[in-house]
Structures are given as C-alpha cells and as structure tokens.
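Undergrad:
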Amino acid sequence: MKGGKRLTLGQASLFLGVSQTTLRHWTDEGMVKAFVTPGGHRRYEEADLEAFLRSHHKAQGVKGLVARIEERALQQGMARQYFLARPWYGALGEEQRLQFRERGRRLVELLVLHITHPSRREALLEEARALGEEYGRHLGGLGLPLPEALEVFTLYRSGIVDSALEVLRDRQPVNRRALEAFPRVIGLMDRVLLSLVEAYQKEVP
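One point on numbering: in the numbering used here, the residue at position 102 of the sequence shown is 96, and numbering is uninterrupted.
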C-alpha cells in the first residue's frame, strides 16, 4: 500500500463517522481498502478513507440503512439523559442500567442481521420475541405502570425508526433493497414491543 498515516479499525470508523461494525461490513465487501497486520489486525490508509468519503458522500441502500441505525444507537446517550430525570431510573443500580444498555445493543445487532441476512430472518424474529419478553419481565419486575414501561422502549424505538426514515428522506436515490428493508425494521421492532407487553402483563397481572 502507499505510504501515509495508517489508522486502526477504531480510528478509521471515527474518521468515517460510522460504527466499527459498519466499517467491517464495508471492508469485507471491498468498499473500503484495508490491509491486515501479521497480528491479524486491520489497518487503513488515511488517504484511502479520504478517497472513499469523496466518492461516497452518503452510503445508500442497505449499507446506508444499517449505518444510520448503528450511528443512532451510538447516540442513545441522549435517551439515557432523559431517563436520568425519571425517579424510577434514578433508583436503579448500575447492574440494572447495564442490563438496559446490553439489551439495546442486542436489539441493534438483531436489526442489522435481520436486514443483511435474509436466510436467518425467522430465527432472528424469534430472538426478537425472546428479547421483548426479557424487557417485559424486567420492567414489570421494577413495578412500573405499563405506560412508563412502554415509554422506556418506545423512546429507543423511535430513535431507530427515525434513523431509517432519514435514509428514505435523503435527496439521493434509495435502492430497492433499502426500501424493502424498512418495513422489516418496523416489523422486528413491533415483534419486540408486543412480546414486551405480553410478558409485562404476566409479570404484573
């Protein structure tokens, strides 16, 4: 490769403004050049990243949709700031807060896989149902009224859905696969939400 500043995967993802998962996808599919060190780590030439940005001002299609979802998930700190003002959230221990964050990460992983791996969709929907049950049992166990329990999930859900809508609102054309993926995002989120309500009602008769 040509000389110049070489960046790690983490540095390169920050340079491009996407998550490390998205950058891995782009690298695996040959969209972004990289080389592997003898130790098995990916390295990126800054010049190659600059060239990529010049030719891909906005990633379109399924990759663009995935990137927006992951980027919005990274910004969910705003949602946590909102919940910090809620008395019930302030009463949670650190372990319980970590559980909320871990489920949020798992939800994003399920969404990305649901979009990018069509052959696994049925299994992923089943995982989404199970994740919704976990949410419902946890929120019911906290003794929250159902409206507040739903608020926890719907605030996160709205951020993810808005990120998908941003792709459709872009002035640049959106390909067919991205258009077809959008209802799948909604469908998986709805599966989680319905399972959450059912599990909550069992936890809090």
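We treat Cβ as the ideally placed atom computed from N, Cα and C, and that holds for glycine.
Keep in mind that this is a model prediction, so the values were computed, not measured.
What are the complete alpha helix (DSSP H) segments, minimum 4 residues, inside the region 74 to 101?
TA: DSSP runs (the alpha helix (DSSP H)) wholly in the region 74 to 101: 81 to 84.
Undergrad: Give me, in chain order, the residues of the same chain whose beta-carbon lies closer than 7 Å to that of A6; leave out the 5 immediate sequence neighbours on both sides.
TA: Here residue 6 refers to the residue found at position 12 when the sequence shown is read from its first residue. If we look at A6 and ignore the five residues flanking it on each side, its Cβ neighbours are L17, Y38 and L43.
Undergrad: Would you decide whether E88 is buried or exposed? Buried here means 16 or more other CB atoms lie within 10 Å of its CB.
TA: As a working mapping, residue 88 is identified with position 94 in the sequence shown. Exposed, since its Cβ has fewer than 16 Cβ neighbours within 10 Å.
Undergrad: What are the residues that DSSP puts in a beta bridge with E39?
TA: The count along the sequence shown starts at 1 and reaches residue 39 at position 45. Partner(s): R0.
Undergrad: Count the other C-beta atoms from every protein chain shown that fall within 10 angstroms of the C-beta of S152, then say buried if there are 16 or more, exposed otherwise.
TA: What you label residue 152 is simply residue 158 of the sequence shown in a count that begins at 1. Answer is exposed; the Cβ neighbour count stays below 16.
Undergrad: Within the continuous alpha helix (DSSP H) that includes A201, where are the two ends?
TA: Outside the shown range of the chain (-5 to 199) lies residue 201, about which nothing can therefore be said.
Undergrad: Just verifying my parser: in three-state terms, what is the DSSP assignment at V30?
TA: By one-based count along the sequence shown, residue 30 stands at place 36. Three-state result, V30: strand.
Undergrad: Could you tell me whether the region 132 to 140 touches the region 181 to 188, using the rule of 3 or more Cβ pairs below 8 Å?
TA: no
Undergrad: State the DSSP-derived secondary structure class of S13, mapped to helix, strand or coil.
TA: Counting from one through the sequence shown, the residue named residue 13 turns up at place 19. Three-state DSSP puts S13 in coil, outside helix and strand.
Undergrad: Select from P81, T110 and V60 the residue whose C-alpha is nearest the C-alpha of S13.
TA: Indexing the sequence shown from 1 puts residue 13 at position 19. Out of P81, T110 and V60, V60 has the C-alpha closest to the C-alpha of S13.
Undergrad: Only counting the same chain, and skipping five residues up and downstream in sequence, which positions put a Cβ closer than 8 Å to that of E40?
TA: Along the sequence shown, one-based indexing puts residue 40 at 46. These residues qualify, in order along the chain: G(-2), K(-1), R0, L1 and F9.
Undergrad: Quick check: L173 and H108, are their CB atoms within less than 8 Å of each other?
TA: Residue mapping note: residue 173 aligns to position 179 of the sequence shown, counting from 1. Residue mapping note: residue 108 aligns to position 114 of the sequence shown, counting from 1. Not a contact, by the Cβ cut-off of 8 Å.
Undergrad: Can you tell me the Cα-Cα spacing of V30 and V191, whole angstroms?
TA: Here residue 30 is taken as the residue at index 36 of the sequence shown, counted from 1. Here residue 191 is taken as the residue at index 197 of the sequence shown, counted from 1. Cα-Cα distance, rounded: 46 Å.
Undergrad: Output needed for L118: all residues of its chain with C-beta closer than 8 Å, excluding positions within five of it in sequence on either side, in chain order.
TA: Translated into the one-based positions of the sequence shown, residue 118 becomes position 124. Cβ within range, chain order: L104, L107, H108, H111 and L182.
Undergrad: Quick check on this structure: which residue in I154, Q195 and P199 has the alpha carbon closest to the alpha carbon of R178?
TA: On the sequence shown, position 184 is the one that residue 178 refers to. The shortest Cα separation from R178 among I154, Q195 and P199 belongs to I154.
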